[in-house]
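Going down the list, the protein sequences come from chains A and B.
The opening residue of the first sequence carries number 708 in the numbering used here; numbering runs sequentially from there.
The opening residue of the second sequence carries number 5 in the numbering used here; numbering runs sequentially from there.
Beta carbons are placed, not taken as given, at the ideal position from N, Cα and C, and that holds for glycine.
In what follows, a single structure is set out as structure tokens and then discussed.
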Amino acid sequence: ETGVTQTPRHLVMGMTNKKSLKCEQHLGHNAMYWYKQSAKKPLELMFVYSLEERVENNSVPSRFSPECPNSSHLFLHLHTLQPEDSALYLCASSQEVAGVYEQYFGPGTRLTVT
Amino acid sequence: GDSVTQMEGPVTLSEEAFLTINCTYTATGYPSLFWYVQYPGEGLQLLLKATKADDKGSNKGFEATYRKETTSFHLEKGSVQVSDSAVYFCALSYYGNNRLAFGKGNQVVVIP
């Protein structure tokens, strides 16, 4: 248990559906992240929120829409996804300690787009 | 740009064998270095870290030494167990920067 929870753990959705992934951190951190992990590809950073403001968006398609209502919660809203979006979506949080940010990851949501 | 390179391919070894996973980095400054582990069906967990040259990070029998002269941070364990079967990621970040650059990861399979 890392202090970062994600729901749901598994999600199957059609290409026309709208769904949301939820992440919650119980660590008092002030930065949160979304990553995409696909088979045989490097871990991809999608979005970074620092103090609830989005500070990075790595050319992610608009069918992925993040939301960070407060420092403990992070959402990823999904709509009109493609089969190639099937992957493990990981949430992480971090806090600076002596200039070093240690990221703590949730268990991920396994997304399958049919 | 900054990058982390891990050796290609999965690593398969027998229980109680010695494990080494190579990690080298390319960076313009002096980054902090990390090893993360991902057990089956789980997210990544921080295994160990080192923040300056010659520092040794250690945890759960794993060790890695920050070698500035060879820009390396190789992970070692003297005697692996089946429970060490996982994917291991090397990563770097800079002082005051909350971004991590990850290597591609190495699948480690320990056979009884």
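- Taking residue 58 of chain B as reference, the option from B:108, B:48, B:35 with the minimal CA-CA separation is B:35.
- Listed as beta-bridge partners of residue 46 of chain B by DSSP are no residues whatsoever.
- Per DSSP, the continuous beta strand (DSSP E) segment holding residue 742 of chain A begins and ends at 738-744.
- Shown here, residue 804 of chain A sits in a strand according to DSSP, grouped into three states.
- Bounds of any beta strand (DSSP E) do not take in residue 750 of chain A, whose DSSP letter is neither H nor E.
- If you draw a straight line from the Cα of residue 82 of chain B to the Cα of residue 65 of chain B, it comes to about 7 Å.
- DSSP places residue 16 of chain B inside the beta strand (DSSP E), whose first and last residues are 15-18.
- For residue 87 of chain B, the secondary structure class from DSSP, reduced to helix, strand or coil, is helix.
- Exposed is the label assigned to residue 5 of chain B, since fewer than 16 other Cβ atoms lie within 10 Å of its Cβ.
- As a beta-bridge residue in DSSP terms, residue 717 of chain A pairs with A:817.
- The segment 8-19 of chain B makes no contact with the segment 720-740 of chain A; the number of CB pairs closer than 8 Å stays below 3.
- Nearest to residue 817 of chain A by C-alpha distance, out of A:774, A:807, A:792, is A:792.
- Counting other Cβ atoms within 10 Å of its Cβ, residue 805 of chain A stays below 16 and is therefore classed as exposed.
- In this structure, residue 738 of chain A keeps its C-beta atom at 8 Å or more from the C-beta atom of residue 101 of chain B.
- Relative to the Cα of residue 90 of chain B, the nearest Cα in the group B:49, B:99, B:31 belongs to B:49.
- Classified as exposed, residue 115 of chain B has fewer than 16 neighbouring CB atoms from the shown chains inside 10 Å of its CB.
- If you ignore the 5 residues before and after residue 80 of chain B, its C-beta comes within less than 6 Å of the C-beta of 24, 67, all in its own chain and listed in chain order.
- Residue 110 of chain B sits buried, since 16 or more C-beta atoms from the chains shown fall within 10 Å of its C-beta.
- Between residue 755 of chain A and chain B, the shortest Cβ-Cβ separation is below 8 Å.
- Inter-residue distance for residue 763 of chain A and residue 104 of chain B is about 13 Å (C-alpha atoms, whole angstroms).
- Rounded to the nearest angstrom, the Cβ distance from residue 797 of chain A to residue 813 of chain A is 6 Å, consistent with a contact under 8 Å.
- Scanning its chain for C-beta atoms nearer than 7 Å, with the 5 sequence neighbours on each side dropped, one finds around residue 786 of chain A the residues 725, 770, in chain order.
- For residue 789 of chain A, DSSP records no beta bridge to any residue.
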